[in-house]
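My numbering numbers the first residue of the sequence shown as 5 and each following residue consecutively. Don't be surprised by glycine CBs; every beta carbon is placed ideally from N, CA and C. Quantities reported herein were computed from a predicted structural model and do not represent experimental measurements. Working notes, structure below.
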Amino acid sequence: MKVLMNAGPWLPVPPDGYGGIENIVATLVPPLRELGVEVVLASVGTSTLAVEELVSVFPEGQFRQLQRPYNQVNGVVPAHQHAVVRAVRERSDIDLVHDHVEAAGLATLAALGPDDPPVLHTLHWDLLKHPELYGTFDGGGRVWVNGVSADQVARAPEALRAHAVGHVHLATPLAEGADQRRPPEKGGHVVILGRITPGKGQDLGVRLAHRYGFDLVLAGPVGPYHSPADLAAVSTSDNPDVAYFRERVEPYVDGWRVRWLGTVRPPARDDLVAGARAVLAPLRWSEPGGTFVVEALALGTPVVGLAKGCLPELVDHGRTGFLTEDEEELPDLLEAAAKLDPAESMREAAARFTPAVMAARYLELYRQVVASASSD
Ligand code: UDP
Numbered sequence: 005m006k007v008l009m010n011a012g013p014w015l016p017v018p019p020d021g022y023g024g025i026e027n028i029v030a031t032l033v034p035p036l037r038e039l040g041v042e043v044v045l046a047s048v049g050t051s052t053l054a055v056e057e058l059v060s061v062f063p064e065g066q067f068r069q070l071q072r073p074y075n076q077v078n079g080v081v082p083a084h085q086h087a088v089v090r091a092v093r094e095r096s097d098i099d100l101v102h103d104h105v106e107a108a109g110l111a112t113l114a115a116l117g118p119d120d121p122p123v124l125h126t127l128h129w130d131l132l133k134h135p136e137l138y139g140t141f142d143g144g145g146r147v148w149v150n151g152v153s154a155d156q157v158a159r160a161p162e163a164l165r166a167h168a169v170g171h172v173h174l175a176t177p178l179a180e181g182a183d184q185r186r187p188p189e190k191g192g193h194v195v196i197l198g199r200i201t202p203g204k205g206q207d208l209g210v211r212l213a214h215r216y217g218f219d220l221v222l223a224g225p226v227g228p229y230h231s232p233a234d235l236a237a238v239s240t241s242d243n244p245d246v247a248y249f250r251e252r253v254e255p256y257v258d259g260w261r262v263r264w265l266g267t268v269r270p271p272a273r274d275d276l277v278a279g280a281r282a283v284l285a286p287l288r289w290s291e292p293g294g295t296f297v298v299e300a301l302a303l304g305t306p307v308v309g310l311a312k313g314c315l316p317e318l319v320d321h322g323r324t325g326f327l328t329e330d331e332e333e334l335p336d337l338l339e340a341a342a343k344l345d346p347a348e349s350m351r352e353a354a355a356r357f358t359p360a361v362m363a364a365r366y367l368e369l370y371r372q373v374v375a376s377a378s379s380d
């Protein structure tokens, strides 16, 4: 099977640091190729992932454009997507397009005709962000959809759910051989890992840390700012995550009970998470895929959080972490998490969240989509 893997125009694959979708593509492609799938990558010119061929319009990632209002970046996605359509049509050897580009890009691909290969579109984001595009989505009979959790698919607009072929949980290379590694030495701190943004609920985390007296470390960017020094140099910003941080999080960052480190990159990130007694997920939104959850488990750190989004699918309550509907229960659950066996989380990650498991599941979906398309 030959797949055109469309990672979009924003960042190279693998990304240099931040890059959710590009990281997932970088994790998925090597084990897919080991399963015999040939991969043509549609990305930007600076991508270095080993594939059969690279298709690109933009020599470099267009990520900076994303900091501009959405209507001003509209040209980037169609230019990239049209190149994907052209590449598919210029050749007859593509069996399927696996697309990871947000809503506007999907509209372009939905225009593929009956003689073109089918598309599997993976949902990575908050589906309510572009209801005008997804709410009226018509796959044109050629586009199928998968989510990164069952919850995400269940809550998708009906127009998308009608084309859904299931879900595939996210994976992390850290899960490979996790069951063979020694569980880490634990420190006393709790970590919240991820972008600082209202959906991830850092404001709740910092208040609980002060009220109940536990040490909390926040790792992640605030909007485009990756370090406290970068952010301190900014006086005004119209970025909503900056406003959220300054109003609701920063007043609790005292450098002692609560610390904000900015973005922490591997391997320091992995040491920070492995040494934590728990990763806290005080979510306000329905987390769609939760890379940070599977990473924590792979590193032997239980996850304690609100039972929202994908969390109940990823965390085995009482074994690899604790989930609750009641935010006031979180501090007690953090205490309880210290008594869980980290080896259980590592075994779970090695069984469920490796790149090989994810690739095998995608290959199943590819076969299902190709079979459905050819039976039309
Ligand atoms: N991340 C990181 N350093 C940080 C904060 C986050 O490397 O300081 C990584 C995190 O480990 C994960 C990714 O960024 O791999 C975030 O993906 P996730 O699905 O957890 O959240 P998203 O930001 O996509 O909603």
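| Item | Value |
| --- | --- |
| Val59 beta carbon less than 9 angstroms from that of Arg37 | no |
| DSSP three-state assignment for Arg273, whether helix, strand or coil | helix |
| Residues that Met5 bridges to, as DSSP identifies them | For Met5, which the question treats as bridged, DSSP gives no partner whatsoever. |
| For Thr240, the residue or residues it bridges with in DSSP | DSSP output for Thr240 lists no bridge partner at all. |
| Any non-hydrogen atom of ligand 1 within 8 angstroms of Tyr22 CB | yes |
| Reduced DSSP secondary structure (H/G/I, E/B, other) of Ser106 | Before going further, note that residue 106 is Glu rather than Ser in the sequence given. Of the three classes helix, strand and coil, the one that applies to Glu106 here is coil, per DSSP. |
| Simplified DSSP state of Glu42, which is helix, strand or coil | strand |
| 7 angstroms Cβ shell around Gln206 - same chain, five flanking residues per side excluded | Ile196, Ile200, Leu222 and Val253 |
| Three-pair Cβ contact test at 8 angstroms for the stretch 349 to 357 versus the stretch 298 to 310 | yes |
| For Glu348, the first and last residue of its enclosing beta strand (DSSP E) | From DSSP, Glu348 is part of no beta strand (DSSP E) but of the alpha helix (DSSP H) over Pro346 to Arg356. |
| Given Val89 as reference, the closest of Asp119, Phe67, Gly65 and Glu64 once Cα atoms are compared | Asp119 |
| Top-ranked residue by Cα proximity to Arg261, from Gly192, Leu235, Leu315 and Ala233 | Gly192 |
| Cutoff 6 angstroms; reference Val41; Cβ partners in own chain excluding five residues on either side | Met5 and Val7 |
| Cβ-Cβ distance between Asp155 and Ala353 below 9 angstroms | no |
| Contact under 9 angstroms by Cβ, Glu291 with Lys204 | yes |
| Straight-line Cα distance separating Ala278 from Ala272 | 10 angstroms |
| Arg273 CB to nearest heavy atom of ligand 1 below 8 angstroms | yes |
| Buried versus exposed, by CB contacts within 10 Å (16 or more), Gly23 | buried |
| Arg250 to Val238 span [Cα, whole Å] | 11 angstroms |
| Residue burial classification, Asn75 (beta-carbon count within 10 angstroms, cutoff 16) | Residue placement at Asn75 is flagged as unreliable, the pLDDT there being 48, under the threshold of 50; the coordinate-derived value follows with that caveat. By the 10 Å Cβ count, Asn75 comes out exposed. |
| Backbone CA spacing between Leu45 and Asn10 [nearest angstrom] | 6 angstroms |
| C-beta contact flag for Ala175 and Phe357 at 9 angstroms | yes |
| Asn27 Cβ short of 8 angstroms to ligand 1 heavy atom set | yes |
| Per-residue DSSP class, three states only, for Ser378 | helix |
| Proximity test, Val240 beta-carbon vs ligand 1 heavy atom, cut-off 8 angstroms | The sequence given here places Thr at residue 240; Val does not occur at that position. False, no ligand heavy atom lies under 8 angstroms from that Cβ. |
| Alpha-carbon to alpha-carbon, Asp20 and Leu414 | In the structure displayed, the chain extends from 5 to 380; residue 414 sits before or after that span and is not available. |
| Counterpart residues of Ser231 in DSSP-defined beta bridges | DSSP output for Ser231 lists no bridge partner at all. |
| Beta carbon of Ala166 nearer than 9 angstroms to that of Leu127 | no |
| Three-state class that DSSP yields for Ile196 in the structure shown | strand |
| Beta-carbon spacing of Ala282, Ala213 below 9 angstroms | no |
| Residues near Ala87 in its chain [Cβ-Cβ closer than 8 angstroms; skip 5 each side] | Ala46, Val59, Ser60 and Val61 |
| Three-state secondary structure assigned by DSSP to Ala282 | strand |
| N- and C-terminal bounds of the alpha helix (DSSP H) containing Gly209 | Gln206 to Tyr216 |
| Val297 CB to nearest heavy atom of ligand 1 below 8 angstroms | yes |
| Gly12: CB within 8 angstroms of a non-hydrogen atom of ligand 1 | no |
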